[in-house]
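Oh and the sequence shown: position 69 is 73 in the numbering used here, straight run, nothing missing. Just so it is clear, CB atoms sit at the ideal spot from N, CA and C, and this is done for glycine as well. For reference, the structure discussed in these notes is given below.
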Amino acid sequence: MKFSPLFSLIIGTSLSLPLALPAVVQAEEMASSGVRCVGEVQDGQLNGRGSCLYPNGDRYEGEFRDGLPDGTGKLFMNDGTRYEGELRSGIPDGIGIMILASGDRYKGLFVNGLPEGNGVLIINSSMQRIRVEVPSSPFTGIGALSLANGNRYEGELREGVREGVGKLMLSNGDRYEGQFKKGLPDGRGTISLGQADVVVVQLTTGGFSGRGSLVMENGSRYNGTFRNGLPDGEGSLTFGNGTQYTGQFRDGNLYGNGVLKTANGDRYEGQFRNNKLHGQGLLVRADRSRYEGAFRDSQASGRGVLSLSNTNTYEGNFRDGLPDGQGALTLGDGVRLQGIASVDQGSVTIGQSPIFK
């Protein structure tokens with residue numbers, strides 16, 4: 005027997021389901037063709053219920069009309085595929101279920117051997133369920149896709165792939181509503197992260213990009229530009245504890261020039277790298293002490309000037325946040341001392357003069 009393809013669906017993998025039934029030969033031709041049939045014969049042809057076994061191992065059981073499978077029946081293919089449902093003139097036509105050897109299956113309306121109208125496709129390997137409304141081409145139209153991990157898509161499909169406008173809901177409560185292209189968010193849309201919202205003007209394949217706002221469950225809020233789903237470029241971030249940052253971001257991190265104001269009144273203006281004070285900057289504490297100079301990993305490191313609230317000023321080298329090495333201490337009365345800064349039992353001194361304890 006010769007079979008034509010029923011449909012091809014691509015959702016990560018391609019399913020090719022060959023299924024088209026041939027005419028059953030007349031009774032006197034069965035022996036010579038190798039087809040073995042049992043059933044009700046009228047006018048030399050099968051009419052009514054019967055079954056046929058074909059030379060290649062395919063088997064059909066069900067109703068016949070004028071020698072053709074017609075009515076309801078079951079077809080068992082030699083590759084493990086089977087069809088159960090309504091047929092007309094030898095091909096699926098009406099309501100039916102097609103099941104592959106892999107366990108993948110489609111249930112719904114068939115017209116001239118092709119899915120059309122409402123149906124459900126189940127991918128056995130991942131238990132993906134697609135509820136589809138199929139017009140003239142396979143799995144193109146409005147439908148729903150449910151995944152085994154609890155994620156769900158509702159919206160437009162093109163050949164089984166998310167394309168057009170739709171809504172993607174993740175099992176953790178996150179959701180995206182907007183435009184899709186080739187199965188991925190692409191275009192205008194809105195993202196909600198649990199109780200938090202991301203409003204995005206423009207998305208690109210692989211993540212959303214453009215200006216938007218993000219409110220997180222811990223109360224932190226970001227306003228600014230995104231790239232590939234992460235804060236990137238200019239923006240402002242307000243933490244749940246009241247600390248505020250305004251400046252540059254890269255790949256979701258504080259990176260570049262910016263201003264950080266903490267909830268306790270400290271203020272830093274300068275360079276950042278991967279969420280740390282790194283580079284040149286000015287740190288002013290709530291007690292009015294200030295440090296201006298080089299930072300590394302959020303610690304004073306390199307050359308800098310430290311002005312204390314007691315009016316003492318130290319200018320020189322720093323390491324790990326403390327004066328270290330050659331420097332000069334200017335006291336509040338104008339006396340200036342030069343020497344090597346050292347740390348002894350928590351006290352930082354030049355000679356016998358403490359810089360601070």
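Reduced DSSP secondary structure (H/G/I, E/B, other) of residue i
{"i": "MET220", "result": "coil"}
{"i": "ARG292", "result": "coil"}
{"i": "ASN227", "result": "strand"}
{"i": "PRO327", "result": "strand"}
{"i": "PRO189", "result": "strand"}
{"i": "PRO59", "result": "coil"}
{"i": "THR144", "result": "coil"}
{"i": "ASP255", "result": "coil"}
{"i": "ASP270", "result": "coil"}
{"i": "LEU241", "result": "strand"}
{"i": "ASN261", "result": "strand"}
{"i": "ASP70", "result": "coil"}
{"i": "LEU23", "result": "The predicted position of LEU23 is uncertain, since its pLDDT is 42 and thus under 50; a value taken from the coordinates is nonetheless stated next. Looking at LEU23 - three-state DSSP - the assignment turns out to be coil, as it is neither helix nor strand."}
{"i": "ALA35", "result": "At ALA35, the pLDDT of 49 sits below 50, so the modelled position is not reliable; the number obtained from the coordinates is stated separately. It is helical."}
{"i": "GLY336", "result": "coil"}
{"i": "LEU287", "result": "strand"}
{"i": "ASP2", "result": "With the chain represented from 5 up to 361, any question about residue 2 goes unanswered, as that position is not in the structure."}
{"i": "LEU341", "result": "strand"}
{"i": "ASN316", "result": "coil"}
For residue i, the residue or residues it bridges with in DSSP
{"i": "GLU88", "result": "LYS78 and ILE101"}
{"i": "ASN321", "result": "ARG307"}
{"i": "SER346", "result": "THR353"}
{"i": "LYS111", "result": "ILE101 and VAL124"}
{"i": "GLY159", "result": "GLY147 and GLY170"}
{"i": "LEU50", "result": "VAL45"}
{"i": "GLY2", "result": "Absent from the model: residue 2. The displayed extent of the chain is 5 to 361, so no value can be given."}
{"i": "THR247", "result": "Note: THR247 sits in no beta bridge, so no partner."}
Residue from the options with nearest C-alpha to residue i
{"i": "ASP108", "options": "LEU50, GLN183, VAL124 and ASN116", "result": "VAL124"}
{"i": "ARG254", "options": "PRO235, ASN261 and LEU241", "result": "PRO235"}
{"i": "ILE126", "options": "GLY164, SER93, GLU160 and PHE114", "result": "GLY164"}
{"i": "ILE95", "options": "ILE103, THR85, ASP83 and GLY75", "result": "GLY75"}
{"i": "SER175", "options": "SER213, ARG69 and SER196", "result": "SER196"}
{"i": "ASN155", "options": "ASP178, ILE99, GLY308 and GLY145", "result": "ASP178"}
{"i": "GLY336", "options": "ASN314, TYR157 and GLY244", "result": "ASN314"}
{"i": "GLY66", "options": "ASN257, MET173, ASN51 and ILE103", "result": "ASN51"}
{"i": "TYR295", "options": "VAL309, GLY331, LYS185 and ASP301", "result": "VAL309"}
{"i": "ARG166", "options": "GLY251, LYS186, TYR180 and LEU241", "result": "LYS186"}
{"i": "GLY246", "options": "VAL263, GLY223 and PHE230", "result": "GLY223"}
{"i": "ARG162", "options": "THR144, ARG215 and VAL169", "result": "THR144"}
{"i": "TYR259", "options": "THR250, ILE99 and ARG307", "result": "THR250"}
{"i": "ASN278", "options": "ALA290, ASP301, GLY285 and LYS265", "result": "ASP301"}
{"i": "LEU57", "options": "ARG307, PHE80, PHE230 and SER311", "result": "PHE80"}
{"i": "GLY244", "options": "LYS280, THR266, ASP83 and GLY237", "result": "THR266"}
Local Cβ density within 10 Å of residue i, reported as buried at 16 or more and exposed below that
{"i": "ALA105", "result": "exposed"}
{"i": "ASN268", "result": "exposed"}
{"i": "VAL352", "result": "buried"}
{"i": "SER140", "result": "Caution applies to SER140, whose pLDDT of 49 falls short of 50 and renders its modelled position unreliable; the model cannot decide the point."}
{"i": "GLY239", "result": "buried"}
{"i": "SER305", "result": "buried"}
{"i": "PRO327", "result": "buried"}
{"i": "ARG292", "result": "exposed"}
{"i": "SER213", "result": "buried"}
{"i": "ASP97", "result": "buried"}
{"i": "GLY320", "result": "buried"}
{"i": "GLU32", "result": "Confidence at GLU32 is low in this model, with a pLDDT of 42, below 50, so the placement of that residue should be treated as unreliable; the coordinate-derived value is given next. Exposed, by the Cβ-count rule."}
{"i": "ASN316", "result": "buried"}
{"i": "GLU88", "result": "buried"}
{"i": "GLU120", "result": "buried"}
{"i": "GLY338", "result": "exposed"}
{"i": "GLN342", "result": "exposed"}
{"i": "GLY329", "result": "exposed"}
{"i": "VAL219", "result": "buried"}
{"i": "GLN252", "result": "buried"}
{"i": "ALA298", "result": "buried"}
{"i": "GLN275", "result": "buried"}
{"i": "ASP62", "result": "buried"}
{"i": "GLY38", "result": "exposed"}
{"i": "ALA345", "result": "buried"}
{"i": "GLN46", "result": "exposed"}
Short CB-CB distance (under 8 Å) between residue i and chain B
{"i": "GLY343", "result": "As a matter of chain content, chain B is missing from the structure shown, which is built from one protein chain."}
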